[in-house]
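Chains as they are written, first to last, in the working numbering: chain A, 161 to 488; chain B, 161 to 488. Idealized CB from N, CA, C, for every residue including glycine. Worksheet: the structure to be examined is printed underneath.
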């Protein structure tokens with residue numbers, strides 16, 4: 161057994177690839193930390209990846225994503241397929257309880273060696289989620305999971321972006337979804353490869369289906385919808401499930417498989433992944449530049465510049481130019 | 161009258177400062193556009209600012225923020241005070257209707273020369289909101305509005321950050337707020353200087369008040385809560401309003417005044433604004449670096465690097481280092 165705290169990323173990866181779950185957890189903790197430790201893990205993981213199909217599951221809080229993911233895991237495991245679940249939490253002392261509750265709903269699977277479940281919290285730095293999520297998926301991919309599920313809350317600009325960065329994105333809504341997701345309906349419509357009306361034992365399923373169909377027609381006219389690479393002639397199907405009882409879950413798993421098949425045969429998978437590679441490389445470049453900015457920031461002149469901005473003898477744009485001149 | 165399309169930012173500002181509302185609208189459009197036009201507006205506006213007190217109003221979609229803001233405007237205008245409202249929309253073809261609807265609720269004030277209302281949409285680029293909002297506030301400040309209200313939807317990481325970047329931040333909730341804001345309760349708790357339970361004619365006001373009080377006690381232990389500069393010994397009061405009838409709105413306006421007085425007398429206003437100057441300067445530095453990254457991106461080597469990442473002969477972190485070497 162290796163010493164988790166002292167082991168190099170390459171040794172942790174070797175251990176994780178031969179089934180050491182503690183080593184895998186340690187790798188993901190390094191990814192979560194960001195910065196150079198995360199990059200070191202990424203460098204060693206990248207060569208081993210490419211085999212995993214990623215499925216994003218997203219929707220508003222309370223849509224029953226965790227319960228549905230738990231039911232989906234049950235379905236997947238009946239065929240013996242191994243799967244990793246990455247649950248992205250908006251880190252918060254207050255949602256802590258709720259999230260633990262959610263994870264408990266998945267706990268049927270915690271003793272199953274073919275399932276790996278990990279919650280990930282990245283609080284604070286802007287763009288943290290957008291960098292940490294693909295980096296964590298890269299590790300799970302390198303370890304050999306053929307399927308990686310990424311569960312995220314579909315609120316906010318960054319969160320919806322992260323949810324859309326999957327091979328197959330499932331948007332979970334409820335009967336009568338309305339005001340609660342108003343602000344990001346458009347974003348969710350654009351990223352959905354499949355819609356699931358969960359809690360379909362409640363009234364309003366048909367109205368919701370009609371609502372979704374109408375919005376789909378609208379969004380087909382939007383630039384972002386068309387821009388999203390690799391959609392080809394796929395039109396997002398609308399499924400109905402009851403996560404708590406498992407109703408409709410076999411059909412959901414089948415639809416995910418059909419979408420994967422579509423992506424692979426139409427050549428859309430390659431296009432979609434090319435777009436993600438492009439976006440991730442940009443983000444890594446930006447992160448490195450941010451680290452430089454931090455160094456410029458620690459320089460002697462910053463306090464004087466801030467004082468001059470306060471005194472209105474310099475504007476913040478000119479001040480930024482001065483700081484960057486020092487950097488060069 | 162000046163030619164809005166051709167006028168230089170300094171001439172637009174001079175016109176806007178003497179009451180030309182079309183010139184003001186044009187300046188805000190330039191800010192919305194981002195990049196060099198926005199920076200040019202910022203450079204000329206900065207020297208004239210410093211007089212405005214900014215009030216952020218935020219909460220989940222459907223909390224009735226616009227109606228409440230409209231009622232608050234009515235209250236403010238009874239004392240003849242001039243006020244500008246900046247409504248930050250998550251830009252979306254689907255919420256378009258709802259937002260228009262919201263603006264109509266504020267339309268009692270559209271013929272009032274002492275009120276300026278502007279919706280601002282910044283879609284697409286990450287951090288767009290975080291840069292454009294203070295830049296727009298800077299213009300309204302420079303034009304001489306003593307009060308600037310900024311209304312935002314309190315969902316998502318970026319959005320909550322923007323909402324918190326005010327002198328006084330009002331968090332609007334409803335009786336029985338629960339699952340719908342679960343994901344960002346913590347973020348909202350940390351930025352609130354005042355809580356408003358709006359739609360207080362519905363049942364559950366006392367439960368919500370108790371809920372908020374408990375969460376306040378919890379959040380007083382959090383690092384972010386303490387970090388937020390200038391809170392001093394202020395404890396966020398919890399008010400109850402009915403935006404549609406105006407009930408409780410005079411008390412809200414009074415509480416905003418009390419918070420301003422607290423900030424000014426305790427010296428907390430200076431500390432809070434110093435923190436915002438610091439954050440804004442960092443963001444401007446980052447934006448400039450991003451523009452450099454875009455230039456590196458357009459270089460010849462990028463396509464080859466992306467192909468090598470796909471072939472897994474290079475990892476994205478090493479590829480990013482190569483791109484940045486070209487930049488230097």
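Would you mind reading off the limits of the alpha helix (DSSP H) that contains residue i?
i                      : result
residue 206 of chain B : Here residue 206 of chain B belongs to no alpha helix (DSSP H), and DSSP marks it neither H nor E.
residue 169 of chain A : 169-177
residue 442 of chain B : 428-457
residue 238 of chain B : 225-238
residue 462 of chain A : 462-470
residue 164 of chain A : First-last for residue 164 of chain A: undefined, no H or E at that position.
residue 273 of chain B : No alpha helix (DSSP H) contains residue 273 of chain B, which DSSP labels as neither H nor E.
residue 363 of chain B : Premise fails: residue 363 of chain B is in no alpha helix (DSSP H) and is neither H nor E.
residue 485 of chain A : 476-487
Between the alpha carbons of residue i and residue j, how many angstroms are there, rounded?
i                      : j                      : result
residue 431 of chain B : residue 437 of chain B : 10 Å
residue 177 of chain B : residue 201 of chain B : 13 Å
residue 465 of chain A : residue 474 of chain A : 8 Å
residue 325 of chain A : residue 216 of chain A : 7 Å
residue 461 of chain B : residue 476 of chain B : 14 Å
residue 240 of chain B : residue 232 of chain B : 13 Å
residue 426 of chain A : residue 456 of chain A : 48 Å
residue 263 of chain A : residue 301 of chain B : Any reading at residue 263 of chain A needs caution, since the residue's pLDDT is 47, under 50, leaving its predicted position unreliable; the model's value is listed next. Looking at the two C-alpha atoms, the distance is approximately 48 Å.
residue 296 of chain B : residue 179 of chain B : 17 Å
residue 280 of chain A : residue 218 of chain B : 27 Å
residue 163 of chain B : residue 187 of chain B : 13 Å
residue 359 of chain A : residue 366 of chain A : 13 Å
residue 484 of chain B : residue 452 of chain A : 11 Å
residue 246 of chain A : residue 308 of chain A : 7 Å
residue 234 of chain B : residue 274 of chain B : 11 Å
residue 198 of chain B : residue 401 of chain B : 37 Å
residue 313 of chain B : residue 310 of chain A : 25 Å
residue 442 of chain A : residue 236 of chain B : 46 Å
residue 478 of chain A : residue 175 of chain B : 24 Å
residue 529 of chain B : residue 482 of chain B : It is not possible to answer for residue 529 of chain B, since the shown part of chain B is limited to 161 through 488.
residue 463 of chain B : residue 435 of chain A : 12 Å
residue 195 of chain A : residue 228 of chain A : 33 Å
residue 470 of chain A : residue 221 of chain B : 35 Å
residue 449 of chain A : residue 322 of chain A : 21 Å
residue 306 of chain A : residue 248 of chain B : 42 Å
In the DSSP assignment, what are the bridge partners of residue i?
i                      : result
residue 399 of chain A : A:356
residue 279 of chain B : B:247
residue 407 of chain B : B:402
Quick one: what's got a C-beta closer than 6 Å to residue i's C-beta in the same chain, skipping five residues either side?
i                      : result
residue 429 of chain A : 423
residue 417 of chain A : none
residue 169 of chain B : 200, 201 and 204
residue 347 of chain B : 320
residue 440 of chain B : 294
residue 276 of chain A : 244
residue 406 of chain B : 231
residue 372 of chain A : 355 and 398
residue 253 of chain B : Residue placement at residue 253 of chain B is flagged as unreliable, the pLDDT there being 32, under the threshold of 50; the coordinate-derived value follows with that caveat. Contacts found: none.
By the DSSP assignment, the beta strand (DSSP E) with residue i in it spans what residues?
i                      : result
residue 311 of chain A : 307-313
residue 216 of chain B : 213-219
residue 328 of chain B : 328-333
Quick one: residues in its chain with C-beta nearer than 8 Å to the C-beta of residue i, no 5 flanking neighbours on either side, listed in chain order?
i                      : result
residue 362 of chain A : 334, 335 and 336
residue 399 of chain A : 354, 355, 356, 357, 408, 411, 412 and 415
residue 328 of chain A : 213, 214, 215, 216, 353, 354, 416, 419, 420 and 423
residue 486 of chain B : 456, 459 and 461
residue 224 of chain B : 332, 334, 358, 359, 403 and 404
residue 395 of chain B : 376
residue 167 of chain A : 175, 183 and 186
Please indicate yes or no: does the CB of residue i lie closer than 7 Å to some heavy atom of the ligand SAH?
i                      : result
residue 167 of chain A : Summarising the ligand content, the structure contains no ligands, and the ligand SAH is consequently not present.
Could you pull out every residue in the same chain whose Cβ sits closer than 7 Å to the Cβ of residue i, ignoring the five residues on either side in sequence?
i                      : result
residue 206 of chain A : 298
residue 173 of chain B : 187, 204, 205 and 302
residue 183 of chain A : 162, 164, 172, 175 and 176
residue 447 of chain A : 291
Give the residues of chain D in contact with residue i, contact being defined as C-beta atoms less than 9 Å apart.
i                      : result
residue 440 of chain B : No chain D is present in this structure, whose protein chains are A and B.
Next on the checklist: At a CB distance below 9 Å, what residues from the segment 461-485 of chain B approach chain A? Give them in sequence order.
Outcome noted: Cβ contacts with chain A: 462, 465, 466, 469, 470, 472, 473, 474, 475, 476, 477, 478, 479, 480, 481, 483 and 484.
Next on the checklist: Give me the subset of the segment 202-218 of chain A whose CB atoms are less than 9 Å from a CB atom of chain B, sorted by chain position.
Outcome noted: 202, 203, 204, 205, 206, 207, 208, 209 and 210
Checklist entry - In chain order, what residues of the segment 217-231 of chain A put their CB closer than 8 Å to some CB of chain B? => result 220, 221 and 222
Item to check | Residues within the segment 361-381 of chain B neighbouring chain A, beta-carbon criterion of under 7 Å | outcome: 375 and 378
Item to check | Short-range partners of chain A found in the segment 185-203 of chain B, where Cβ spacing is below 8 Å | outcome: 199, 202 and 203
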